[in-house]
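To start, the structure under review is shown below, and the notes come after it.
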Amino acid sequence: MKILVIGGGGREHALVWKIAQSPLVTKLYCAPGNPGTAALAENLPIAVDQLDKLLAFAYENRIDLTVVGPEQPLSLGIVDLFEAHGLKVFGPSQNAAFIEGSKAFSKDLMKKYNVPTAAYGVFTDQAEAEEFITRTGAPIVVKADGLAAGKGVIIAQTCEEAVSAVRDMLSGNAFGSAGSRVVIEEFLTGEEASFLVITDGKKVIPLASAQDHKAVFDGDQGPNTGGMGAYSPAPVVTQAIHDKAMKQVIRPTVDGMAAEGRLYRGVLYAGLMVKDGEVKTLEFNARFGDPECQPLLMRMKSDIVPVLLAVADGDLGELALEWHDKAAVCVVMASEGYPGDYRKGDVITGLDLAAKLDDLYVFHAGTTAKDDTCVVNGGRVLGVTALGTTVKDAITLAYQGVKRISWPGVQYRSDIGKKALERSESV
Ligand code: AMP
Ligand code: GLY
0 MKILVIGGGG REHALVWKIA QSPLVTKLYC APGNPGTAAL AENLPIAVDQ
50 LDKLLAFAYE NRIDLTVVGP EQPLSLGIVD LFEAHGLKVF GPSQNAAFIE
100 GSKAFSKDLM KKYNVPTAAY GVFTDQAEAE EFITRTGAPI VVKADGLAAG
150 KGVIIAQTCE EAVSAVRDML SGNAFGSAGS RVVIEEFLTG EEASFLVITD
200 GKKVIPLASA QDHKAVFDGD QGPNTGGMGA YSPAPVVTQA IHDKAMKQVI
250 RPTVDGMAAE GRLYRGVLYA GLMVKDGEVK TLEFNARFGD PECQPLLMRM
300 KSDIVPVLLA VADGDLGELA LEWHDKAAVC VVMASEGYPG DYRKGDVITG
350 LDLAAKLDDL YVFHAGTTAK DDTCVVNGGR VLGVTALGTT VKDAITLAYQ
400 GVKRISWPGV QYRSDIGKKA LERSESV
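Numbering (numbering that gives the first Met the number 0), first residue to last: 0 to 426.
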């Protein structure tokens, strides 16, 4: 069968890498892809928001299955558009992807269906927001309602900081129309986990547990990013926490979305805060996490294609997923300045040396080909991902890979996976 993957980041390189291993695949395309996907699929020069061009390509080339990576085309309604033309596509419809597209919607949904989450308010008015901030006290969290590439969340240490974050958002200066409404919520403490499932709207297959590293610097310092590294499994997700997440978060959300007339099919990603054996939901995403997707797919033993196809067909049947016992760790190498304005165009060296390491794979994100070289072209540039018998082994190998690769101004965290080691010496 012919498959098209939409997107061009590390997540999509990982999806292409995994899908390419399926014996069901005869031809694989990626739009727009990156130099990493180019080695495994045919890249198409179509951007993720050019829905009409994507549709025309899929239609004319009789693509059997389209797999949507990022949130933007989902929010623009790519799934509805493809299905209206009889094309199979993996991902939630526009009204289901709203669970990520609007934080106010997702908070209201959680409240309605008793999904544990932080206390919150939704505001379009500065004075009302300020009143809520004063009443709640700091630290307090201010979130732009709409999509903001993982950057629309401000953890304010003081009420003044929160008030000014709200002002920046409501005035449209910070995140454009995504910030014209804000969610303000109670600051939660604990340890985060990324809990992803694949669902057909009824049946749910949980993926292996994972943990992201959102802050740009070691020790979770500095501003939040799209994610500076991830590993799987995450020991913070014990069997008891897994069961709670399924029962209290995933099940009521999947059922609640169906009850709201927003049948949810695709990957549902719950960002969890775990504390004292309890879970609270920080957010929902309508897609695979990036970089969580990289370690998760390296650990996935089963062929992913039958599962993606079954979801597109609307029935998972009896399908299940098997996982390798090994742990996987992904260290993101980013460009200088990220998550602010970053430097582009530097030549990346050492990719060939890293490729010599067994059980290690370098997923491309913000790279582009120039002449015979690969150059920096984004904030998150590469995801160096390694398998190991333990998390510790996987960390060691991933950093061996990282040390072989270089460019001027490269930055990465040196503590990816450390929380797993702190929880248990035996993981
Ligand atoms: P979100 O996009 O809503 O997941 O927020 C991005 C990141 O901000 C999360 O992964 C957390 O690190 C942090 N965050 C969001 N909401 C809260 C909260 N209520 N309390 C503490 N940290 C939060
Ligand atoms: N790594 C966090 C996200 O994909 O939203």
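Ideal Cβ placement from N, Cα and C applies to all residues, glycine included.
If you check the CB distance, Pro294 and Val328 come in under 8 Å.
When the Cα atoms are used, Thr372 and Asp345 turn out to be separated by approximately 10 Å. Counting along the chain, Thr36 sits inside the alpha helix (DSSP H) bounded by residues 34 to 37. Counting along the chain, no beta strand (DSSP E) covers Lys202, and no H or E run does either. Where Pro72 is concerned, the enclosing alpha helix (DSSP H) starts and stops at 70 to 75. Straight-line measurement puts the Cα of Asp124 at about 11 Å from the Cα of Met168. At least one heavy atom of the ligand AMP lies less than 7 Å from the C-beta of Val152.
Between the segment 25 to 41 and the segment 242 to 258, the count of C-beta pairs closer than 8 Å stays below three; the two stretches do not touch. When the Cα atoms are used, Ser208 and Val236 turn out to be separated by approximately 7 Å.
Taking 3 residues as the minimum length, the beta strand (DSSP E) runs contained wholly in the segment 118 to 179 are 119 to 122, 139 to 143, 152 to 155, in order along the chain. Sequence-distant Cβ neighbours of Trp322 in its own chain, meaning closer than 7 Å and more than five residues away, are Ala207, Arg298, Met299, Lys300.
Proximity of the segment 282 to 293 to the segment 344 to 359 falls short of the contact definition, fewer than three beta-carbon pairs being nearer than 8 Å. Runs of beta strand (DSSP E) with 3 or more residues, each lying fully within the segment 254 to 336, are found at 265 to 274, 277 to 284, 326 to 333, listed in chain order. Within 7 Å of the C-beta of Gly226 there is at least one heavy atom belonging to the ligand GLY. Residue Gly265 holds the alpha-carbon nearest to the alpha-carbon of Ala285 among Ile303, Glu277, Gly265. The alpha-carbon of Ile404 is positioned some 7 Å away from that of Ile347.
Here Phe216 carries a strand assignment [DSSP, helix/strand/coil].
Counting along the chain, the unbroken beta strand (DSSP E) around Ser231 starts and ends at 228 to 231. Close CB contacts of Leu50 within its chain, under the 8 Å cut and outside five residues either way in sequence, are with Pro72, Leu75, Gly76, Ile77, Leu80 (chain order). Counted as a single uninterrupted DSSP element, the beta strand (DSSP E) harbouring Ala30 occupies residues 26 to 31. With a threshold of 16 other beta carbon atoms within 10 Å, His84 falls short and is exposed.
Partner residues in the beta bridge of Thr372, as assigned by DSSP, are Lys369. Taking Glu277 as the centre and dropping the five residues before and after it, the same chain places the C-beta of Pro115, Lys243 closer than 8 Å to its C-beta, in chain order. The alpha helix (DSSP H) runs of length 4 or more contained entirely in the segment 356 to 422 are, from start to end of the chain, 390 to 403, 417 to 422.
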